[in-house]
Every structure is written in C-alpha cells, then in structure tokens.
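Engineer: Take this structure, written in structure tokens, and hold onto it; I'll ask about it next.
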Amino acid sequence: MSEHRKTITTISWHPFDTDLILSASVDPKICVWNVRKQHLVASFTNVKGAPASVGWHPTEKSTFGFICGRGPLQLVDTEESDGTSRAVEATVFLSDVSHFSWNYQNSGKLAFGHVDGSISILWTKQKIDRHNLKPDYEEGITEDDPVISLQWDSLSSDYLLVTNLNHGIRLIDTENMFVIMKFQSPSAASRVNAVVWVPSGPGMFVSGDAQSGVLRVWNVSRTTPVENIRLKKTGFHTICLVPRAKPCTKSESNSWNSHISSTSIAQDPPSAPNSDSFVLPPADLLCTFIDGGVGLFNLDKRKWSFLQPMGHTETIFCSEFQPDNCDMLATASFDGTVKIWDVTTMDVVNFSSGNEGIIYSLTWSPGNLNCIACGTGKKGIFVWDVTQSRVVSRYLEHGSSPVYCVSWNRKDSQLLASTCGGGLCIIRNIDGKLVQKYKHPRAVYGCDWSPNNRDMIATSCEDKNIRIFYIAASTDQPLRMFKGHTAKTFHVRWSPLREGYLCSGSDDKTVRLWDYSEEECAGVLEGHTGPVRGLLWNPEIPYILLSGSWDYSIKVWDTRTLSCLETVFSHGADVYGLACHPHRPFLVASTSRDSTVRLWSMSTLANPISLSILAQRSYDEMFAKNIDDAVNSENVPLLTGQHSKEIQFSGVLKESSGFISLYKNTSQLFSTPRGMRNLWDLIAVLSGEEMTVLTRSYGKGIVHIKHLLQMKASDAQELETVKMSSFSGSQKKNDKLKAAANIHVKIGHMQRYCELMVEIGEWDKALSFAPGVSLEYWKSLMERRANHLVNEGNDAAVPYCLATGNVQKLCEFYKGRGEFHDAVLVSLATKDLCINEKKSKDVKGSGDLRRNDMKENESNEVPHERKNKLLMESSSMLADWYFENSQPVTAACCHLAVNDVQNALCKLLRGNELELAFTLARVLNNDGELLQMAASYLSRRCEKLGRWDLSIDLLNLAGGCQDELWMLCARCSGSTSVIEKVHQMAAIPSLSECFQKAEQLLADHEYLDALKYYLVSSTPEIALDIGLNMIRDIMLKEYWDLENVCGIVKLLTCVRTEKLQSSKMSRQRHELLLLSAYIGALVAMQRKYIPIVMLLFNHARFLINKEKVNLPVTGVQIEKESKAWLWHSYSYIEPESSRDTEEIKKTWSDINRRIRVGQSKLEEGVDMVVGSHLPNNSNTKPSVLTGERIKVEVFVLYPIIYPSD
C-alpha cells in the first residue's frame, strides 16, 4: 500500500475493525487504509507539521486523534467529507509530544509522553485536568530522554508502563501520579526499544533490547527480569502482541493449511531456558528487528512459530548477481548494509557489518575473488571479502563526496571504476594505483564498462550528457559526448550483444539510445512519468530493454520500434536497481525505495522459443545465426546470447542421447530457480543415475527416499562427534510429595512411588522403576508419557512413541505442527527400519546397541500397506504445504521423492508450470491423461501467439489428443486458406468435406459425430443447435451426470466468437453461457475449487433471470443446489426445519452422484501459482469474479455484447 511520499512516522491499527489501519508521515499526510482490500479509504493533508503519534478513539469508531509538536490533540471523523479536525481543549504542552495513548478502560483518560522525558495525564469526561511527571535524573544529566512507549495495563484503568529512551521502564499509578516500580536492566547499556503487556499473565510484560536481540520477561512484583531469552544478535525494533486464534475443532484441525506455519525451518532458535526458568504465560509476540528481521515468537513454548531472519529496512539502491555463484544476489541499501540473498530460497545468507553509512552502489569482482566493491555516501569505497566477512581494502580518492557508482571491469579484474558527486570518474587498479581521473563539470552518477572493449567506459553526468572515455589514451578528454537529455542523466548501460550500442536514463523521464558510430541519438523511449533510474539489457534478445522509474513502474521496451511491450506496477515506491541472472537470462531482480527485492520471470517474452523447443522444431526457429538476424526478426524473437549456445550443443533434437539434456537446459533457461535443481536431481535419481552425478545442493533440498536414511544417518554421525552439554528444564521439586514417595518405595509400594514421581514431573525415575511393577505397567506408563508430551507439543515425545510402537500418533504429532519433513522421515523409518508394534521375537545377533547397530527383525510387525500409506500421506502433506506457499516445483519434488510421478505432474499443472509438467512427463515416459492435459494447455498458449503449427506439434507429441486437435481446428480463426492449412496439418478433412460428412452423420442420427464435423466445417453454428438439443435431452433424464454433459459443453465452447456474436445466435449464445456457468459450478465442486462455486452459481442465476431459456435448469433448482452445497461444505448453515433438512440431503445426494462420475486425474483443490501470495501494489487489473486485485499472470475475459445491451 503506497500513498506517502516521505517517511512514515507512526501507525495505529483500529481496535475494533481489524481491516483498518492509520498511518502518518512527514509529507505531512494521514492515511486510512483497508488492509484486506489493500485500498486507501481516506487521506488528510490539512495537517500542520508531521504527526508524532496517531490513535483511534476508544468509543467513536470512525474518529482518530493525532498530535504534532506541543499540541493540541486534534480529532478527525473519517466519515465527514470535509476531513476537518477539531482540537481537544487546553491540550497545549510545554514540551513536544513524542507519543500519546488512550486508556481503553476509561475512554476519557489519555497519556502523553514528551521528548523531555515527562508524561502528562488528561481527563476529558467532565473537565480538562492534567498532571505532569518527570523521571528522576541523576545529578549532572541534562539531555532529553524522550518517552518512546506508553502502555496502559489492560487489567487496570490507572496503571501505566512508561519507557524512556535512556531512563528505562517505570510503572506509574496515574491516579496519584507516583512511581510504583522502577525496573532495572541487567546492565546500563541494555537500552529498551519496545515494551508490551502480556494480558494472559497478570502483572507480566516483555521488553526488547535495542542493542541485542534479548527478550526480557518482567513481573511487576520484581525489579529485575524473571527471564532473559536471546532471540537474535541484533536489537529489537518493535514488539506487538498478536491475539491467539481460538482452538480449532476436530473437523477444523484436519484443515492444517488454514493455520499453518513453517516452524520446522525457522532459523536461529532461542537459547534454552535454565534449570530454574520461570513459567511463562501463553502469548504470541510479533517481533521486528533493526536488521529487518520479523518473526512470530511463541512465548510459553520459547520457540519461533515463524521467522524471516532479516531484510533491508530502507531504500535498496543497487543489486547485482554474483558472476560465478549465480544464485547469489547482492543488494546495497540506504540502511548502510550489503546483503547477499540466495534467490532459490530468498533468504539472506550473508551481510556486512552495517557501519559504513549509506551504500549507493556495489559491484561483484570477476573471477573467483568473491569480493564486492561498494560506494558509500561519505566514506569512499570499500572492498568487502564475502568469504572472510571483512573489509580488505579502502579507496578514499573521492574524499567526502558521495560515491554514486562503482563498476568492476569484466575483462580485467584489476581495474575498478567509480564516480562521485564531486564530478570525478576515477579508474584505479585494485592495489590502489591510479590509472585515470576524468573530470566532469558536475556530479557523475553512473558509469559502465564496455563488454567488448577492455579500455572503453561510459559515464552519465548531472550536466545532461553521456561521455565515452578510452583509458588507454593519454588524454583525459572523452572520445564521444552524446547530448540530447533535458535533465540530469543517471545511469548508462552498454548492450551486451550489439557492439557500440548503449542507453541512458534521465530525470527528463526518458530513456535514450545511442550508437557509438553515430553522433545523433538513435531513439527515445517515452512513457515514464518520473525520473528513470534502473536500466537493463536482455542478454539473449538484443532489442529488449528494461527500465525502472520513480513512477513506481518497470517498463519493457522494444528498442527497434521504440514501443513499450509491458508495464509493471508491483513495487510500492521508486524503482532503483535492475539485475539479470547470469545463467537465467529471463530472470530479473528489481530493488526499490519500498525496501523490497523482487524477482521477475520474463519468460513470456520468449514463449514462442520455449514452445518451439518443447515441440522439437528446427534450430532456425529458435536461434539467430548472428546479431543482425535477431534484430531483424519480425515474427518471433530469436535467441543469440551465450546462454542459448548450451541448448544448441546439448544434442541433436531428434536424437535420444541429447533429449534429456535439451529439456534440462531449456527449463533452466526459462524457468525460475526455486526448486529447479532439486527437481532435476530427482529426475536423475528416477532415471537410475548415481548420487555422484547429482548437484552439491541435493542434500539441502527434498531427498529421494532411497537416500534419505543414509544421509540422515551421516548427519547424525557427524553430530555425535561433537560433545554437547544439556540443561534440564524441570520444575521445582515438590518436597512433600517426594518425601511421601520415599516412604512408599521403602515399604514396597513401587506403583504408588511411580505415580507420585509422575505427579512431580520426574518421569525418568518413574519409568526406571516401572518394570519392577510389571512390563504391562511400564508400557502403559510409557504411553501416558508419550501422550503427555504430544499434548504439550514437546519434541521429547518422539522416543516414547517409537518405544511403544505408536508410529501413527507420532506422524499425527508432526503433521499437526506442520513439520512434514519429520513426518516423512518417521514414516520412512516405519517402512525401512521395521519399528515394532508388537513384542519382538528372538533375533539372530544382538549388535551393539550403544552404536545403534541395525538388527534384522524376523517378524513383519507393521503391515506393508500401512507403512506405504503413512509415507505417502506424510509426503503428500509436505507437498501440499509447499504448494499452498506458492512453490509448486518444490511440491512436485516431494512427490518425486517417493516415486509418485502422477501427483508431481498434478502439482506442476496446478501451479501453471506447464513447460515443466510436459518436460517431466516426456523425460520419465509418463504418457497418459496428464501429459495430454499439459500439451493441451500449452497448445492454447500457441494459439494465442497465432502458432497453430506449434499447437499441433505439441498435441501430436503427447499422443491421444485427437479431440483436442478437432477443437483446435474449430477455434482456428482467419481466412479460409489459413483454416484449410490448419486442417491439413492436423490431418482433418477440408471445410467442405467436413460439412458433407456432418450432413451424412446427421441423417444417420449420429449426433455427436455430426456435431464434431459441423464444428470444423464452414457452418459451425449448426453444431451449437445440435449440442444444445443433446444436452437438453440428457438433463431431462433423472440420472444424468457430468461425464455425459461436460464433453459436449467443451466442444460447444470452441465455436468461434465471430459466429457467436451474430444477432441470429442470441438465444443459443445465452444458453451456452448459462450452461457454462452452471456446469462450471458443478465441475468446481468436483475439483473442490471452493472459492468460485457460489460465484458461478450466482452468475448462472443472473443469466436465467436476464432472459428466458429453453433448458432444464431453473433459478429454483440452482437455489436449492447452492443451498445444499453450502450446507455440506459449511456446518454453520442450518436448515429451518427437519423437512428442509431432508430436502437438502436429497439434493446433495443427487449432486454428489452427478459429480462423482468422470473425475479427472488432476488433484482436487484450489490452484496456487508462483507469486500468488506476494504483495502487489498494482490496482489496474481486478478479478471479474472476486473484485480483488490479481497478483500474478492476468487472463483477460473479453465480454460478449448482448443485443439488448
């Protein structure tokens, strides 16, 4: 959500309406947002000064307050159109206000914190009254100590927690205005940055340190913390209490994906509690940190529910991929840090110390130096050794001038260029020796080395000009100077493919193209509404250029025609940096003032190429022989970069020896990296390859089951070589119960002793004595212990469940916590290690139990079917978790790891990874419905591009797609000669022959075959009448089902649009639309695609009410069926009477019978494509079904114009 142009100073969530949030900024502006709809509700600009604090009124739900400087407090009603504010009388203070807070127990009571460290309490119910209190400073201290937090006790209307920046935390009785308690931090350096009450623990609150990531738990009865928990190495920014969701019912607990988090992969778990740790109250704390990290911490369990370790907190100016380790992306930010991201996971894997001030630019060293050179605001240039995580060099030639750009020479790793605000471009050797110094009349913002000439560099200057220098020359004058921009130029970029061709971006909102061999500008790209910053040439298609601007957009240009091909508005602020993956030319990273890094797939630009490769077409249709051929290609883009050469040399298309290599290189060229290596490693395993040929990252991803135990055992052996000390977390001993237990054991009451040991929590002693009672008692006690730990969610439950053979409970334990990796491992252990569920029989050889030797069990305790079912269920749930988090490729890997190719294909199809699905099916020889489905979807992409030949080739490669070929020919639009040619390629008779055949079949009452031939004839509208009549006859029967109708509806939807739009086809068109909506709702039920069922039912009802139809579908019927579906899907829908209940049950029974027939092999559930969970600031394309903004690829539904409209 983006509306503020300057720093946001304060935010406040509405206490009653959880969709509303209030924000204020230095603009000055105050905004009210609906966060669910990502919509600006209202904005107020009549604010005098930047608001220091804002807050919603406790009783007037549409009113908020804000205060600037010393006051007064202003109140605004968001429902009033003029947006004027009213002042609270007599609330002007002697010191500026830093924070204010309403008391929700007493709505007439407010607290104000001031920059001088004092607080003021106001009562407004009867008359204005106020009291003032300052902290007791030590003698000699005169500097201000502003109030940074005011927290009213939710259980009292008088108690207030006040936190000062340096003075710490105090508990104040606001009625009598005295300090009840002053809380002492462990050290004077432990400055507090955040404080929040914990209502579930009366008198308890938590604080976060500003310098270290220590969470301190306090009780108002003690001046010192009752618990200190180190969460991170960096300090807290804020802490917020998150209300816990109500415990789910048994039916809801099965829907794990509605309340799930990736706890199994949360990083940096908190330090273990000591032996006398305090019992912490149940609470979930949302923690944000100075390094940009954010996480949800479970206080009572002392563990992360979720943790995103870190990110940038300010504008990200620059980004660049590492040349050698291409999945590493470095970013430079206003927050003074360089962060390195693994783009396969989007996790930060390394970061700089953060004490260099503003970092404007960075550049990776070529070769294997693994260093980054960075340009700073005031500290010159530093070179950071990533391996050693330290600064190894500094260059201070620019003095105190800001260094706006640094660039390492790709052809000579000894040369480093930099530009600064002082008007200099300096070329140096990395040993510090000066090579050249080029003076400019004003600040120099950008520079770029020529990719074809080691000694040529271009610069962009504030004087609006672009200069080309040749460093081997003895002069400091430019070889060329390009003029044309009307405002300062910022970045300049050479084309990596077209020698001597470059571009520049300017504050005049244009991008200009230059040819070194020409003096005049080669072209101007106009369309941005703000200054242009980021520039990027595509390394495979020579005429494609990307630009990022302060208008929040990224534009894709065709530099041949000077036209904009695509505009993206996803960023919420100025776009600064653009970078291309070295080995994936269609993967782009962008950085912005919104402090985010975003990865983009540009593969849609090369769709014709990727589809041609899948269809095994000639090289001439995919690769250009030279740069000129690529530039002059009119119909389809051609690849001409170094990356496409790998595909050309991967083997002859028609030969099987290069088949897998060809597809692998294709997928890595056009697909995103997340899960891609893992997928191909698993394909190699399924193809019979050895582990030695797999990538190094194989063990870090999803591992095949035949390697999983071996790799985990190796991990365990490595861990066992490290001696670790353990700490007990048991509670204090109950002396009386322990004394009673000692008496029992002395008189031989061993069972009673065990029970008392259980009561005081000493389970180990109880279990060690239990066999003295009986083995049956020992086993029952073990089961009780296992249940106890499972209910607590304690990892210690694992050995107890295994010892009693209760593997099912252990799997449910892991699944309930979302730790599906462990569920898969335990399921596999059940299968391969023969965990006993019955008493063990005698075995040959005992083995050394201390070494965990494996023993062969002669009995088959766990049925094979059950073992396999547990493994498949656990793997499936893990796959579903990844799929729900928009990672379909990794989800497919989970299925491949257990040899489940079919469900892997389903995940790829549902995730819109169609090329990968087609590739996987072809490589693993998985012919069948899913391969045909992938080919069908891909053929529709080809149709959109007008490549009917590609569509036919893909369908023929998949095999068994004869119906799809007929429908393709029916959809084909164009001249008669074009349609005839498509018929010939698809081996379908000509238009006239099809018409004659249709007439003959109709006379013979072969209606379905007649319908098909009419569809591909010159009169497809006849097929519409035949099909509607067939559907009408089928639906008049009592026991019709989807299988009878869907095929016909699918055929009818292929009638060309120009035929449907004829005024003579008004009735048929309306009936077809109605059938599509109604049958679509039933198919959505069948697929369990819940979000669109009611939308389609409502649309069908709308169409029935709009115009009379001659179909056996009525509005009453749709009403009954929609009510029955709601009753079945949502238990809170209650019928009005028992008669209604029976009618609903009968209706649902009829629906269920219809939709159970003819189910597809495709998985049930909502599809989730890559990027569908990402925040998106574009508001240009809302969904026609839901009205919400679409976050990923958009499909436009062209409306059909009704004659009556």
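According to the working numbering, the sequence shown is numbered sequentially starting from 12. Note that beta-carbon positions come from the ideal geometry of N, C-alpha and C, so glycine has one too.
For the putative contact between residue 654 and residue 550, defined by C-beta atoms under 8 Å, what is the C-beta separation to the nearest angstrom?
Structural biologist: 7 Å
Engineer: Given a cut-off of 8 Å, decide if residue 217 and residue 209 are closer than it, judged by their beta-carbon atoms.
Structural biologist: yes
Engineer: As an exercise, report each continuous beta strand (DSSP E) stretch of at least 3 residues that is fully enclosed by the region 151–200, in chain order.
Structural biologist: 158–163, 170–175, 179–184 and 189–194
Engineer: List the whole-angstrom C-beta distance separating residue 1021 from residue 1035, where the pair is believed to meet the contact cut-off of C-beta under 8 Å.
Structural biologist: The pair is not a contact, with the Cβ atoms about 12 Å apart (cut-off 8 Å).
Engineer: Pull the bridge partners of residue 216 from the DSSP assignment, please.
Structural biologist: 208 and 229.
Engineer: Could you tell me if residue 1093 is buried or exposed, where buried requires 16 or more neighbouring beta carbons within 10 angstroms of its beta carbon?
Structural biologist: buried
Engineer: Does the region 596–607 come close enough to the region 327–340 that 3 or more CB-CB pairs lie under 8 Å?
Structural biologist: yes
Engineer: By Cβ distance below 6 Å, which residues in the same chain neighbour residue 1121 in space, the five residues on each side in sequence not counted?
Structural biologist: none
Engineer: Take residue 980 as the anchor and find which of 228, 34, 1023 and 1014 has the nearest alpha-carbon.
Structural biologist: 1023
Engineer: Rounded C-beta distance between residue 1229 and residue 902? I'm assuming under 8 Å.
Structural biologist: With the chain represented from 12 up to 1216, any question about residue 1229 goes unanswered, as that position is not in the structure.
Engineer: When the Cα of residue 1031 is compared with those of 1061, 1070 and 1016, which residue comes out closest?
Structural biologist: 1070
Engineer: Report buried or exposed for residue 507, applying the criterion of at least 16 other Cβ atoms within 10 angstroms of its Cβ.
Structural biologist: buried
Engineer: Can you list, in chain order, the residues of its chain with a C-beta nearer than 6 Å to that of residue 481? Leave out the 5 residues immediately preceding and following it.
Structural biologist: 466, 467 and 490
Engineer: Rounded to a whole number of angstroms, what is the C-alpha to C-alpha distance between residue 913 and residue 941?
Structural biologist: 8 Å
Engineer: Taking the alpha helix (DSSP H) that residue 692 falls in, what are its first and last residues?
Structural biologist: Bounds of the alpha helix (DSSP H) holding residue 692 are 687–697.
Engineer: Just list the alpha helix (DSSP H) runs in the region 746–821, keeping only unbroken ones of 4 residues or longer that don't cross its boundaries, in chain order.
Structural biologist: 746–757, 761–770, 774–780, 786–803 and 808–814
Engineer: Give the range of the beta strand (DSSP E) segment to which residue 1187 is assigned.
Structural biologist: It is not in any beta strand (DSSP E) - residue 1187 carries neither H nor E in the DSSP assignment.
Engineer: Give me the Cα-Cα distance between residue 29 and residue 252, rounded to the nearest whole angstrom.
Structural biologist: 14 Å
Engineer: How about residue 408 and residue 374: are their beta carbons less than 8 Å apart?
Structural biologist: no
Engineer: Pick helix, strand or coil for residue 1225, following the three-state DSSP scheme.
Structural biologist: Past the boundaries of the shown model lies residue 1225; the chain is included only from 12 to 1216, so the question cannot be answered.
Engineer: So, residue 681 versus residue 924, is the Cβ gap smaller than 8 Å?
Structural biologist: Contact flag unset, no.
Engineer: Going by Cα to Cα distance, which pick from 753, 1201, 1171 and 135 is closest to residue 1179?
Structural biologist: Of 753, 1201, 1171 and 135, the residue nearest in Cα terms is 1201.
Engineer: Measuring alpha carbon to alpha carbon, tell me which residue in 555, 978, 564 and 180 is nearest residue 580.
Structural biologist: 564
Engineer: Tell me whether residue 696 is buried or exposed, calling it buried when 16 or more other Cβ atoms sit within 10 Å of its Cβ.
Structural biologist: buried
Engineer: Going by the beta-carbon positions, is the gap between residue 441 and residue 417 smaller than 8 Å?
Structural biologist: no
Engineer: How would you call residue 1040, buried or exposed, if buried means at least 16 neighbouring beta carbons within 10 angstroms?
Structural biologist: exposed
Engineer: Please classify residue 537: does DSSP put it in a helix, a strand, or coil?
Structural biologist: Residue 537: strand per DSSP, three-state reduction.
Engineer: Do you know how far the Cα of residue 958 is from the Cα of residue 990?
Structural biologist: Whole-angstrom Cα-Cα distance: 12 Å.
Engineer: In three-state terms, what does DSSP make of residue 613?
Structural biologist: coil
Engineer: Locate the alpha helix (DSSP H) running through residue 476, then write down its first and last residues.
Structural biologist: It is not in any alpha helix (DSSP H) - residue 476 carries neither H nor E in the DSSP assignment.
Engineer: Give a yes or no on whether the C-beta atoms belonging to residue 892 and residue 831 are separated by under 8 Å.
Structural biologist: yes
Engineer: Below 8 Å on the Cβ atoms is my contact criterion, and I expect residue 543 with residue 516 to pass it. Report the Cβ-Cβ distance as a whole number of Å.
Structural biologist: About 3 Å separates the two Cβ atoms, so the contact holds.
Engineer: Going by C-alpha to C-alpha distance, which of 749, 822, 115 and 557 sits closest to residue 11?
Structural biologist: The shown model of the chain, from 12 to 1216, leaves out residue 11, and the question about it has no answer.
Engineer: Nearest to residue 58 by CA position, among 1098, 652 and 35, is which residue?
Structural biologist: 35
Engineer: Kindly indicate which three-state DSSP category residue 619 falls into: helix, strand or coil?
Structural biologist: helix
Engineer: Residue 403 to residue 969, Cα distance in whole Å?
Structural biologist: 57 Å
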